[in-house]
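A short write-up of the structure that comes next.
Number of protein chains: 2
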Amino acid sequence: MYLRTVNDSKMAGRPKIFDEKEVVEKAVNVFWTKGYETASADELLEAMGIGKGSFYLAFKGGKKELYEKSLRQYANRFDKQLLHDLSVSEDPIQLIRDFFMALADDPKSKQMKGCYIGNALVQLSDGDADTKLIAAGLLASVEGIFTDVIRKAQAEKRLKNKAKPEVLGKYLINLWNGVNVTRRSNPGYEHLREVLEMSLQVLS
Amino acid sequence: MYLRTVNDSKMAGRPKIFDEKEVVEKAVNVFWTKGYETASADELLEAMGIGKGSFYLAFKGGKKELYEKSLRQYANRFDKQLLHDLSVSEDPIQLIRDFFMALADDPKSKQMKGCYIGNALVQLSDGDADTKLIAAGLLASVEGIFTDVIRKAQAEKRLKNKAKPEVLGKYLINLWNGVNVTRRSNPGYEHLREVLEMSLQVLS
DNA sequence: TCCTTTTTGTACTAATTGGTACATAATAAT
DNA sequence: ATTATTATGTACCAATTAGTACAAAAAGGA
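Those protein sequence lines, which keep their order, are chains A and B.
Just so we're aligned, residue 1 is where the first sequence starts under my numbering, counting upward by one.
Just so we're aligned, residue 1001 is where the second sequence starts under my numbering, counting upward by one.
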């Protein structure tokens, strides 16, 4: 026995007018710009293009379930993209350097929004400890990817720095978190690039 | 002509039963643990120990004015303390190092709360752009203190690193922002100390 | 066609939100 | 004592919140 989550053509009953992944993606946009608490259910439904009936049938957990699914969906897409880029890269360490340096080139609108997952950590109150834990796990996943790249590069002597890969991985996630807060206060600040270059000295 | 904001003994009328700075300080605690949106007016008044009548008379701008005042009051106290500690220190650079390393020793409860000012940057939605700007300014003030210390230490040859003081100042604020997010996801993580040591290598 | 199943849209609700109105209390000045 | 002034506590309110109830719609299968 398994749960049918989508409306395949052989299923009886009125057909769904929306694709779950697609509407979750639209919810990401609302949550990202407005924050979890500030994004109202009406606003989300409006953006998702569905009514309350459909929504509360598909997302029994309401707003919270939608948010958690949006976190996971966003992070999974992010991880997959990063892993793919790394897999086809000649120089994974350089790719990570470029990845961070690109933060300085983002448009102001993106600079103001921060990291979708990191925002959850800071915006959720103690009452949503479980959701916070999910976000923490998703960030840890990215950290793990960094750590693996570093461990491999050290083994291949492509990275001089001999610090523990776990520490370097956490250092990078910490840098990520920092930049995504710092950018908000002064988007496009000219010194950001130099700060990033200084911070990435450890990757050599 | 000037505005009288406090109830000095020569003023007519019923005397205030509270001190504004004190109740703002209590509001800081609520905002810090619950976040701006999630902290309800009732909850704040309860913690402040005053009724609605008194509150909306003293804080005409309501919850928002209270929050902005709490940000400024917190930051001013922080700045004063830091400047004082620096003024009596034999080795200001070492003081900054200790300041950051102390982040790893905070109790779990404090680790989870983040930076009071940084939280504002991440928690406020676009509708509160003005308040966000205030928070950005307060962080910039701390950054300025760091920058001055670094500039002076370089001039006195007590700091080998010859990078621009402005860049190092922003580097440190960025480190601060990062740690205050990272800690939330894994308070007391054993690698945090090593990450801090790695990050503070630039201060030598 | 008629029954079953699933989705949809709308009307509704109970609770909470930040904020206001206003009568009363407590003080200083006259 | 009376008046002017300021602060307080309480009752109230309009708007918004997330969420529910339910009848109608749209499909497949018999």
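Every residue gets a Cβ at the ideal spot worked out from N, C-alpha and C, and that includes glycine.
Terminal residues of the alpha helix (DSSP H) in which phenylalanine 1018 of chain B lies: It is not in any alpha helix (DSSP H) - phenylalanine 1018 of chain B carries neither H nor E in the DSSP assignment.
What does a CB cutoff of less than 8 Å around valine 197 of chain A pick up in its chain, not counting 5 residues either side in sequence? Just to set this straight, residue 197 of chain A is glutamate in the shown sequence, not valine. The answer, listed in chain order, is Met101.
Does any residue of chain B have a CB that is nearer than 8 Å to the CB of lysine 108 of chain A? no
For methionine 1 of chain A, which of helix, strand or coil comes out of DSSP? Unreliable placement is indicated for methionine 1 of chain A, whose pLDDT of 33 sits below 50; the coordinate value is still reported in the next sentence. Looking at methionine 1 of chain A - three-state DSSP - the assignment turns out to be coil, as it is neither helix nor strand.
Nearest-angstrom Cα separation, counted from glycine 1114 of chain B out to valine 28 of chain A: Whole-angstrom Cα-Cα distance: 24 Å.
Quick check on DSSP: helix, strand or coil for alanine 1163 of chain B? coil
CB contact below 8 Å: leucine 1170 of chain B versus chain A: The sequence given here places lysine at residue 1170 of chain B; leucine does not occur at that position. So, interface residue.
Is DSSP giving leucine 1203 of chain B helix, strand or coil here? coil
Looking at the secondary structure, which residues open and close the alpha helix (DSSP H) in which lysine 1112 of chain B lies? Reading off the sequence shown, one finds methionine at residue 1112 of chain B, where the question assumed lysine. Taken as a continuous stretch (DSSP letters only), methionine 1112 of chain B belongs to no alpha helix (DSSP H), as it is neither H nor E.
Mind checking the segment 1137-1166 of chain B against chain A and listing, in chain order, the residues whose C-beta falls within less than 8 Å of any C-beta there? The residues in question are Leu1139, Ala1140, Ala1163, Lys1164, Glu1166.
Determine, using beta-carbon pairs with one atom in the segment 143-151 of chain A and one in the segment 1134-1151 of chain B, whether at least three such pairs fall under 8 Å. Not touching, per the Cβ criterion.
Minimum Cβ-Cβ distance from valine 1235 of chain B to chain A less than 8 Å: With chain B represented from 1001 up to 1204, any question about residue 1235 of chain B goes unanswered, as that position is not in the structure.
Compare the beta carbon distance of arginine 1097 of chain B and leucine 1200 of chain B with 8 Å and say whether it is the shorter of the two. yes
Counting only C-beta atoms, is valine 1024 of chain B closer than 8 Å to chain A at any point? no
Taking C-beta pairs closer than 9 Å, name the residues in chain B that glutamate 194 of chain A reaches, listed in chain order. Near glutamate 194 of chain A (Cβ distances below 9 Å), the residues of chain B are Ala1163, Lys1164, Glu1166, Val1167, Lys1170, Tyr1171.
Note down, in chain order, every chain B residue with its Cβ under 8 Å from the Cβ of valine 88 of chain A. Simply none; closest approach about 29 Å.
Given 7 Å as the limit, tell me if arginine 1077 of chain B has its C-beta closer than that to any heavy atom belonging to the ligand MG. The model depicted lacks the ligand MG and carries no ligand whatsoever.
So, does the CB of lysine 1060 of chain B fall closer than 8 Å to a CB anywhere in chain A? no
How about asparagine 1177 of chain B and threonine 182 of chain A: are their beta carbons less than 8 Å apart? If you check the CB distance, asparagine 1177 of chain B and threonine 182 of chain A come in under 8 Å.
Cβ pair count under 8 Å reaching 3, the segment 1107-1121 of chain B against the segment 1081-1096 of chain B: no
Determine whether the Cβ of arginine 1184 of chain B lies closer than 8 Å to any Cβ atom of chain A. Closer than 8 Å to some Cβ of chain A, the Cβ of arginine 1184 of chain B qualifies, so yes.
Inter-stretch contact at 8 Å, needing at least 3 Cβ pairs: the segment 1115-1129 of chain B / the segment 1030-1037 of chain B: yes
Starting from alanine 1058 of chain B, trace the alpha helix (DSSP H) in both directions and tell me its first and last residue. 1052-1058
Could you tell me the alpha carbon to alpha carbon distance between histidine 84 of chain A and alanine 1153 of chain B, rounded to whole angstroms? 45 Å
Give the secondary structure of tyrosine 36 of chain A by DSSP, where H, G and I count as helix, E and B as strand, and everything else as coil. coil
Just the chain B side, please: which residues come within less than 7 Å of histidine 191 of chain A by C-beta, in chain order? Glu1166, Val1167, Lys1170
Which residue marks the beginning of the alpha helix (DSSP H) containing histidine 211 of chain A, and which one marks its end? Only positions 1 to 204 of chain A appear in the structure, and residue 211 of chain A is not among them; the question remains open.
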